[in-house]
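To keep things clear, I will list the structure first and then write my remarks on it.
Residue numbers (my numbering), protein chains in the order written: chain A, 1 to 264; chain B, 265 to 537.
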């Protein structure tokens, strides 16, 4: 559950929280694209550090570190699988080289950059803002509503999963018992009540909404309207510059690998 | 015997739910833990079967600290029925549901069959043996959940809000059932808001507020103490309210039982006529 912790919004305010969610999302997407563009370790290290000032300014270090820690397990899997498969693909039966190690690290770091940037986005954007941004990007209201509701119910679901786990443990269920397959099966008593509960809740929600005349008016207006401010423009501008620079580097410069630099 | 020794508990999100709770629950005792929402009632009982481990202090079940044994092992002695049956029902049939815990505890198949039959009978749900628990009504689901815990015959039974969503008749059945369990020398711990229910059962009452135990004693004593009751944000039972209002007639103020109330009032009427 700790990965989700990093995506749970807390109602605080900072410069970052007040940014226009559309611009913030654009910024995150630019980071995403850049992370996918480079295979080399050096630019990925740089990319990893770019969002850090945002974390500090927004004051969400604790939650951010928690989500990073949650992603660590997946990161290790990514590192190992890259390392092992690359090894058998390119270098078997030689000793693994530095460049292989570097490549695997780069792939892991790429994953971390992706998690990092999206976790910043969700940590500093309230679900309301997010819905507003979607709506004002002309996404049909049904989809906006479904999306914001989904986001809003993640913490509720996480809490419910915890209660269910407690209830089943109290009936002698041991989640950590047995081999891998057995362990997966151990989660059935938790998943079924969780899913049934979620379906039941969604039906109830639908009824409650219909009884409050959901969808009665075709054209909805909003109390709050998102407006771009100077900080938003500068972030958007910065993101575009970053993207152009990254494309330029990718196309016309060769990015040195760390191993090469160390050998020279 | 369960001993709670100066227990503090803080949730991972920083909420301090228990602030120095000490409590001894003897074998065969019938206890109600009361208090308003967020007083720490559920947090406290989750310590009794090791679901939560104290941040500071100790919980001893029959002389063993809950830190040293797994929940599965403790659950064998301390059965816990959760508030919402939907949080635990998942099997295809009621029979499997009741057998689930027994299989976890490693009972023999023949013993499981016997115990399931016994538990289903006990809670009057035998006719649903092959039905899916999801098809049952709320009250029936609650009874199946109860049966699934009682099936392994734990020494201590904890019931979290057993009366919620039950009609009066079901409540009365539940009350008789609890009294019966207690008569079989089981320790019964009930977490509840329901003052009327507690008044009718007349257990030992532990009153909690803001993570602390504010009072402990017989139901008659605690539920008729207006100051304590106000502190824990509960309303005295109706009978107690009548007798508190009639205090100027020289009547006792510590009456919560309907039958006792009737007797006192009849005596008064006879004396005056």
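Glycine residues also receive a C-beta, built at the ideal position from the N, C-alpha and C atoms.
Values in this document were obtained by computation on a predicted structure and should not be read as measured data.
Test: residue i CB closer than 7 Å to a CB of chain B
i, result
"residue 174(A)", "yes"
"residue 166(A)", "yes"
"residue 192(A)", "yes"
"residue 161(A)", "no"
"residue 169(A)", "yes"
"residue 197(A)", "yes"
"residue 189(A)", "yes"
"residue 1(A)", "Low per-residue confidence applies at residue 1(A): pLDDT is 44, beneath 50, and the placement is therefore not dependable enough to give any value."
Proximity test, Cβ basis, 7 Å: residue i and chain A
i, result
"residue 547(B)", "Because chain B is modelled from 265 through 537, residue 547(B) falls outside the range shown and cannot be assessed."
"residue 344(B)", "yes"
"residue 301(B)", "no"
"residue 335(B)", "yes"
"residue 415(B)", "no"
"residue 339(B)", "yes"
"residue 315(B)", "yes"
"residue 281(B)", "no"
"residue 411(B)", "no"
"residue 273(B)", "no"
"residue 496(B)", "no"
"residue 365(B)", "yes"
"residue 371(B)", "no"
"residue 277(B)", "no"
"residue 385(B)", "no"
Straight-line Cα distance separating residue j from residue i
i, j, result
"residue 220(A)", "residue 131(A)", "13 Å"
"residue 532(B)", "residue 419(B)", "44 Å"
"residue 242(A)", "residue 79(A)", "27 Å"
"residue 170(A)", "residue 339(B)", "6 Å"
"residue 357(B)", "residue 399(B)", "10 Å"
"residue 523(B)", "residue 476(B)", "33 Å"
"residue 297(B)", "residue 307(B)", "11 Å"
"residue 452(B)", "residue 31(A)", "58 Å"
"residue 251(A)", "residue 352(B)", "57 Å"
"residue 54(A)", "residue 37(A)", "22 Å"
"residue 102(A)", "residue 109(A)", "10 Å"
"residue 323(B)", "residue 291(B)", "15 Å"
"residue 321(B)", "residue 478(B)", "18 Å"
"residue 188(A)", "residue 493(B)", "43 Å"
"residue 175(A)", "residue 244(A)", "50 Å"
"residue 225(A)", "residue 150(A)", "22 Å"
"residue 255(A)", "residue 167(A)", "55 Å"
"residue 275(B)", "residue 100(A)", "43 Å"
"residue 396(B)", "residue 409(B)", "13 Å"
"residue 421(B)", "residue 333(B)", "18 Å"
"residue 1(A)", "residue 207(A)", "Any reading at residue 1(A) must be qualified, since the residue scores a pLDDT of 44, below 50, and its modelled position is unreliable; the value itself is stated next. Roughly 30 Å separates the two Cα atoms."
"residue 514(B)", "residue 417(B)", "47 Å"
"residue 34(A)", "residue 120(A)", "17 Å"
"residue 197(A)", "residue 350(B)", "7 Å"
"residue 432(B)", "residue 210(A)", "32 Å"
"residue 3(A)", "residue 70(A)", "Because residue 3(A) carries a pLDDT of 48, less than 50, the predicted location of this residue cannot be relied on, and no value is offered for it."
Option nearest residue i by Cα separation, candidates the options
i, options, result
"residue 486(B)", "476(B), 475(B), 466(B)", "466(B)"
"residue 141(A)", "228(A), 215(A), 195(A), 79(A)", "215(A)"
"residue 60(A)", "22(A), 116(A), 76(A)", "116(A)"
"residue 223(A)", "234(A), 128(A), 21(A), 168(A)", "128(A)"
"residue 458(B)", "329(B), 272(B), 469(B)", "469(B)"
"residue 260(A)", "42(A), 119(A), 111(A), 20(A)", "42(A)"
"residue 303(B)", "277(B), 442(B), 471(B), 449(B)", "471(B)"
"residue 278(B)", "52(A), 62(A), 180(A), 12(A)", "62(A)"
"residue 234(A)", "40(A), 14(A), 13(A), 19(A)", "19(A)"
"residue 355(B)", "194(A), 253(A), 211(A)", "194(A)"
"residue 66(A)", "123(A), 96(A), 47(A), 86(A)", "123(A)"
Buried versus exposed call for residue i [16 or more other C-beta atoms within 10 Å across all chains shown]
i, result
"residue 239(A)", "buried"
"residue 359(B)", "buried"
"residue 414(B)", "buried"
"residue 159(A)", "exposed"
"residue 330(B)", "buried"
"residue 499(B)", "exposed"
"residue 375(B)", "exposed"
"residue 373(B)", "exposed"
"residue 248(A)", "exposed"
"residue 511(B)", "exposed"
"residue 106(A)", "buried"
Item to complete: Would you mind listing the beta strand (DSSP E) stretches within the stretch 100–172 of chain A that are 3+ residues and don't spill past its ends, in chain order?
Response: none
Where are the alpha helix (DSSP H) runs, 4 residues long or more, that stay fully inside the stretch 427–494 of chain B, in chain order? 432–447, 459–465, 483–487
TODO: Tell me the start and end of each unbroken alpha helix (DSSP H) in the stretch 269–347 of chain B that is at least 4 residues and wholly inside, in chain order.
DONE: 305–312, 335–341
Practice prompt. Can you check the stretch 394–426 of chain B for any alpha helix (DSSP H) of at least 4 residues that lies completely inside it and give the ranges in chain order?
Written response: 402–414
### Query
Which ranges does the alpha helix (DSSP H) cover as unbroken runs of at least 4 residues, wholly within the stretch 55–87 of chain A, from first to last along the chain?
61–86
inquiry  = Quick check on the DSSP output: what are the complete alpha helix (DSSP H) runs of length 4 or more inside the stretch 214–262 of chain A, in order along the chain?
reply    = 230–252
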